[in-house]
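Undergrad:
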Amino acid sequence: MPHEVRGVVARAKGAPVTIETVLVPDPGPGEALVKVATCGVCHTDLHYREGGINDEYPFLLGHEAAGVVEAVGEGVTDVAPGDFVVLNWRAVCGRCRACLRGRPWYCFNTHNARQKMTLADGTELSPALGIGAFADKTLVAAGQCTKVDPAARPAAVGLLGCGVMAGIGAAVNTGGVTRGDSVAVIGCGGVGDAAIAGARLAGAARIIAVDVDDRKLEWARGFGATHTVNSRETDPVAAIRELTGGFGADVVIEAVGRPETYEQAFYARDLAGTVVLVGVPTPEMRLDLPLLEVFGRGGALKSSWYGDCLPSRDFPMLVDLHLQGRLDLDAFVSETIALDGVEAAFARMHEGDVLRSVVIL
């Protein structure tokens, strides 16, 4: 019998979101019903509302979530009712060519729940990133549930479900930051600050934060930046080189997703250094770089999708580090809000007033 819950729905491009009655089915084979405790307000949800992902309206928004498994379908063995979980949007298949080569974090056949959640009139909803967690309950593939230590505060660890994991993973998994490295992070929103936190965890010796907003640069210092550069006032490439002995950083993480900031990242890295793109560009953006410079500088130009994470491996480890006091996930939570506060949270996000607003259900 379907569960009748409240959910935040985007019905049309640019239209304010509404709270509506959502019908959530009981879990079928391979699925899990999750009672949502918290869900972060991510830029990706705003992109869905604005039609920047696709036009499959109406959307059930929300995806950075933590909660408790309420029921599971046939064949589910990895999680059980009562488990505290962080939701992820990459349930690996275990059978594609990436999984069979022992690289499941690149899984080419990730999946979601097969059944659809609907509005009261039967209209099928498109859940954001296959999750749809701005709701009292949601239906996901069981592989989208990652069991973690229940001692952790849901509002903090739920953010691992997207932005925080993307940033930490960009530094640790994709960028391969290690002890003694110099790292520059361009763009100090939630993902950029998570990359800074990841670089600090990995033992980077010098972490340079770059942004146009002094307030964000101050936040970046709290996450581990050793130096800051306001790129509205100073040439960031020259500044990064000056702070790294004239050479450039070993790893430069671009967390904005624009051609001009990517070009800055390209020229701010040392010879044989690494550029990591974790900021999300829009479809019309193009990049023009001299091919000789690409060849002559060597190193690696990488893209980081979800921080190249494997949730079953990375989420529990990061939660443990948080509980040990070595990773302050609480610092990413700027405010907690009710379900009806999502539209206002989008406005604060757009103005850069918050790292994360978190809905408490």
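In the UniProt record's numbering, the protein residues as written are 1 to 361. Yeah, the Cβ is synthetic: ideal placement off N, Cα and C, and Gly gets one too.
Beta-carbon separation of Gly161 and Asn88 under 8 Å?
TA: Contact flag set, yes.
Undergrad: For Pro27, count neighbouring Cβ atoms within 10 angstroms of its own Cβ and tell me buried if that reaches 16, exposed if not.
TA: When all chains shown are included, Pro27 counts as buried.
Undergrad: DSSP puts His111 in a beta bridge; with which residues?
TA: DSSP, once it has assigned bridges, lists Ala91 as partnering His111.
Undergrad: So the candidates are Ser303, Gly52, Glu31, Ile19; which of them puts its Cα closest to the Cα of Ala120?
TA: With distances taken between Cα atoms, Ala120 lies closest to Ile19.
Undergrad: If we call anything under 8 Å between Cβ atoms a contact, is His63 one with Ile131?
TA: Cβ atoms of His63 and Ile131: closer than 8 Å.
Undergrad: Looking only at its own chain, which residues have a Cβ that is under 7 Å from the Cβ of Ala344, when we skip the five neighbours before and after it?
TA: Counting only Cβ-Cβ distances below 7 Å, and skipping sequence neighbours, we find nothing.
Undergrad: Per DSSP, what kind of secondary structure is Gly198 in: helix, strand or coil?
TA: Of the three classes helix, strand and coil, the one that applies to Gly198 here is helix, per DSSP.
Undergrad: Look at the alpha carbon of residue 370 and the alpha carbon of Arg297, and state the distance between them as a whole number of angstroms.
TA: In this structure the chain extends from 1 to 361, so residue 370 is not present and cannot be described.
Undergrad: With DSSP as the reference, label Phe223 as helix, strand or coil.
TA: Three-state result, Phe223: helix.
Undergrad: What did DSSP end up calling Glu70 once you bin it into helix, strand or coil?
TA: Correct three-state label for Glu70: strand.
Undergrad: What is the DSSP secondary structure of Cys99, counted as helix, strand or coil?
TA: Cys99 falls in the helix class under three-state DSSP.
Undergrad: Measuring alpha carbon to alpha carbon, tell me which residue in Met349, Arg348, Asp340 is nearest Arg6.
TA: It is Asp340 whose Cα lies nearest to the Cα of Arg6.
Undergrad: Per the contact definition of three or more C-beta pairs closer than 8 Å, is the segment 56 to 73 in contact with the segment 111 to 126?
TA: Contact between the segment 111 to 126 and the segment 56 to 73 is present, because at least three Cβ pairs lie under 8 Å.
Undergrad: Is the CB-CB distance between Arg269 and Gly246 below 8 Å?
TA: Contact: no.
Undergrad: Can you check the segment 287 to 349 for any alpha helix (DSSP H) of at least 4 residues that lies completely inside it and give the ranges in chain order?
TA: As far as the segment 287 to 349 is concerned, its whole alpha helix (DSSP H) runs of at least 4 residues are 291 to 297, 311 to 323.
Undergrad: Report the residue from Asp250, Ile186, Arg114, Arg221 whose alpha carbon sits nearest the alpha carbon of Arg232.
TA: Of the candidates Asp250, Ile186, Arg114, Arg221, the one whose C-alpha sits nearest the C-alpha of Arg232 is Ile186.
Undergrad: Using only the alpha-carbon positions, how far apart do Ala135 and Pro283 sit?
TA: When rounded, the distance between both Cα atoms is 30 Å.
Undergrad: What residues in its chain sit with their C-beta under 6 Å from that of Gly299, if we drop five residues either side in the sequence?
TA: Answer for Gly299: Ala272, Gly273, Thr274, listed in chain order.
Undergrad: Asp330 and Asp149 - do their beta-carbons sit closer together than 8 Å?
TA: Result no, Cβ atoms of Asp149 and Asp330 do not sit closer than 8 Å.
Undergrad: Hey, out of Pro154, Ala71, Glu70, Gly167, whose CA is closest to Ser303's CA?
TA: Closest by alpha carbon: Gly167.
Undergrad: Does the count of Cβ pairs from the segment 98 to 108 and the segment 21 to 38 closer than 8 Å reach three?
TA: No: fewer than three Cβ pairs fall under 8 Å.
Undergrad: Can you name the start and end residues of the beta strand (DSSP E) that Thr234 belongs to?
TA: Element bounds for Thr234: n/a, residue is neither H nor E.
Undergrad: Just curious, the alpha helix (DSSP H) that Arg11 is in, first and last residue?
TA: Looking at the DSSP string, Arg11 is not in any alpha helix (DSSP H), and its letter there is neither H nor E.
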